[in-house]
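At position 78 of the sequence shown the residue is numbered 394 (the working numbering), and the sequence of numbers has no breaks. All residues carry an ideal CB built from backbone N, CA and C; glycine is no exception. Here's the structure, in structure tokens; my notes come after.
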Amino acid sequence: MKIVIDAFGGDNAPLAIVRGGVDGLKETDGFSIIFTGKADEINKILDEYCPENLRSRIEIEDCSEVITNDDVPTTAIRKKTDSSLVKGFKLLKENEDVGALISAGSTGAVLTGATLKVGRIKGVSRPALAPVLPTVEGGNVMLIDCGANAECKPINLVHFAVMASNYMKVMYGVENPRVALLANGTEDHKGTPLTQETFAMLKQIDELNFVGNMEARDVLSGNYDVVVCDGFSGNICLKSLEGMSVSMMKLIKQGVMSSFKAKIGALFMKGVFKNLKKKMDYNANGGAMFLGVEGIVVTAHGAATEQTIKSTVLQAKEAVEGDVVGKIKKTLENVDFDSLVKADIL
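Shown next as structure tokens:
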């Protein structure tokens, strides 16, 4: 198995990206890496950081161009054909032994390139961006979609649910993932016409463990394994959770520093604070999957560190080994989407 890494995508590229990839190789065997980007710069980092015994597991695809966040995604994918990202997608599309692509670069370019260059899975109306978040119960929940599709139709959300359910089964061993629909209330009739029609369709799919509507305040409750929504709502929800997390950590720090007594108490809570920070650290949780395309595509945070890339490499490897794409295809074949009709839920 080979995993392609866009060595020039991200704020800390190429140093953190290349080092993170090497750290992934150090962690486990059974795969190799193809770095795409400017070969001379990549080789310089490898010469300084990569153990000699790992060099046989690394290939480099030399590229002269880089797609940045300032580029218009569609234009960049079409015109920057010698970029590290476009060449990476070409490797994923044309080589059977290449199972995944990772990039911390422009999310828009990654999503556009994955759709145009790699192609959608047959039967998937739209691919979706799907990060996995930690819950207060110690488990995980997938939020899908989180920005790839601002406007959706009910069938899009149904496909999101099918893909996410399969992912949670393969990657996290959840036997029967609890799938919920993000709405403004838990009652069956709540939500917009989009959520109401989607609700009715999800109820009819035997292959899904659909548990009904849920509210945004319960995303991290641990009561759900998959939360389905359109990309606009999902992006707002995700960024609200991220902002809340950062704000809460700041408030805790301000409280600790407010008095001598609080500082003494914090010494006894040091282990608790350390575990909390680790649990909420995206660097340790890998990237967000782009589900619905013919290959494993993972977008890492733009500020990805070596630890982020290492975690994302291991995540991608496990997704390929678990045949996430194949299992999504199989479930799609078993569901008669044409027979789904809008039910009267009012």
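### Beta-bridge pairing of ALA446 - partner residues as DSSP gives them
As a position in the sequence shown, residue 446 is number 130, starting the count at 1. MET605.
### Pair within 8 Å by beta-carbon distance, ASP541 and VAL490
For the purposes of this step, residue 541 is taken as the residue at position 225 of the sequence shown. For the purposes of this step, residue 490 is taken as the residue at position 174 of the sequence shown. In terms of Cβ geometry, ASP541 and VAL490 form a close pair [threshold 8 Å].
#### Entry: Endpoints, alpha helix (DSSP H) assigned at ILE418
The count along the sequence shown starts at 1 and reaches residue 418 at position 102. For ILE418, no alpha helix (DSSP H) encloses it; the enclosing beta strand (DSSP E) starts and ends at 414-419.
### Query
Applying the criterion that 16 or more other CB atoms from any shown protein chain within 10 Å of the CB defines a buried residue, is ILE661 buried or exposed?
For the purposes of this step, residue 661 is taken as residue 345 along the sequence shown, with counting starting at 1. With a pLDDT of 45 at ILE661, under the threshold of 50, the predicted position of this residue should be treated as unreliable, though the coordinate-derived value follows. With fewer than 16 other Cβ atoms within 10 Å, it is exposed.
### Query
GLY325: buried (16+ other C-beta within 10 angstroms of its C-beta) or exposed?
Counted from its first residue, the sequence shown places residue 325 at position 9. By the neighbour-count definition (other C-beta atoms within 10 Å, threshold 16), GLY325 is a buried residue.
### Same chain, Cβ closer than 6 Å to PHE548, five either side skipped, listed in chain order
Residue mapping note: residue 548 aligns to position 232 of the sequence shown, counting from 1. Excluding its 5 nearest sequence neighbours in each direction, PHE548 has C-beta neighbours in its own chain below 6 Å: ALA466, listed in chain order.
### Task
Would you mind stating whether GLY463 and LEU445 have Cβ atoms separated by less than 8 Å?
Translated into positions along the sequence shown, residue 463 becomes position 147. Translated into positions along the sequence shown, residue 445 becomes position 129. Their beta carbons are under 8 Å apart, which means GLY463 touches LEU445 by this criterion.
### Task
Return the residue from the list THR384, ASP546, THR502, ASN492 that minimises the CA-CA distance to ILE471.
Numbered from its first residue, the sequence shown carries residue 471 at position 155. Looking at THR384, ASP546, THR502, ASN492, the one whose alpha-carbon comes closest to that of ILE471 is ASP546.
### Task
Just the C-alpha distance for GLN623 and GLY336, rounded to the nearest angstrom, thanks.
Locating residue 623 in the sequence shown gives position 307, where the first residue counts as 1. Locating residue 336 in the sequence shown gives position 20, where the first residue counts as 1. About 6 Å.
### Message
By the three-class DSSP mapping on this structure, what secondary structure does ALA496 have?
### Response
Translated into the one-based positions of the sequence shown, residue 496 becomes position 180. Note: ALA496 maps to strand in three-state DSSP.
### Query
When the distance is taken between beta carbons, is ALA416 closer than 8 Å to ALA620?
The count along the sequence shown starts at 1 and reaches residue 620 at position 304. The count along the sequence shown starts at 1 and reaches residue 416 at position 100. Pairing ALA620 with ALA416 gives a Cβ-Cβ distance that is not under 8 Å.
### Task
Measure the Cβ-Cβ separation of VAL478 and LEU648 and say whether it is below 8 Å.
Reading the sequence shown from its first residue, position 162 is the one you call residue 478. Reading the sequence shown from its first residue, position 332 is the one you call residue 648. The answer is yes: Cβ separation under 8 Å.
### Message
Suppose contacts are defined by Cβ-Cβ distances below 8 Å. Is ALA499 in contact with ASN529 by that definition?
### Response
What you label residue 499 is simply residue 183 of the sequence shown in a count that begins at 1. What you label residue 529 is simply residue 213 of the sequence shown in a count that begins at 1. Contact: yes.
### Query
Whose C-beta lies closer than 7 Å to the C-beta of ASP386 among residues of the same chain, with five residues either side of it excluded?
In the sequence shown, counting from the first residue as 1, residue 386 sits at position 70. Here ASP386 has no same chain residue with a Cβ atom under 7 Å from its own Cβ, once five neighbours each way along the sequence are excluded.
### Query
Could you check where the beta strand (DSSP E) with LYS318 kicks off and where it finishes?
Locating residue 318 in the sequence shown gives position 2, where the first residue counts as 1. The continuous beta strand (DSSP E) containing LYS318 extends over residues 318-322.
### Euclidean distance between Cα positions of VAL527 and ILE349
Position 211 of the sequence shown, counted from the first residue, corresponds to residue 527. Position 33 of the sequence shown, counted from the first residue, corresponds to residue 349. Rounded to whole angstroms, VAL527 to ILE349 spans 40 Å at the Cα level.
### Query
With a Cβ-Cβ cutoff of 8 Å, do GLY550 and GLU531 count as a contact?
In the sequence shown, residue 550 corresponds to position 234, counting from 1. In the sequence shown, residue 531 corresponds to position 215, counting from 1. Against a cut-off of 8 Å, the Cβ pair of GLU531 and GLY550 comes out as no contact.
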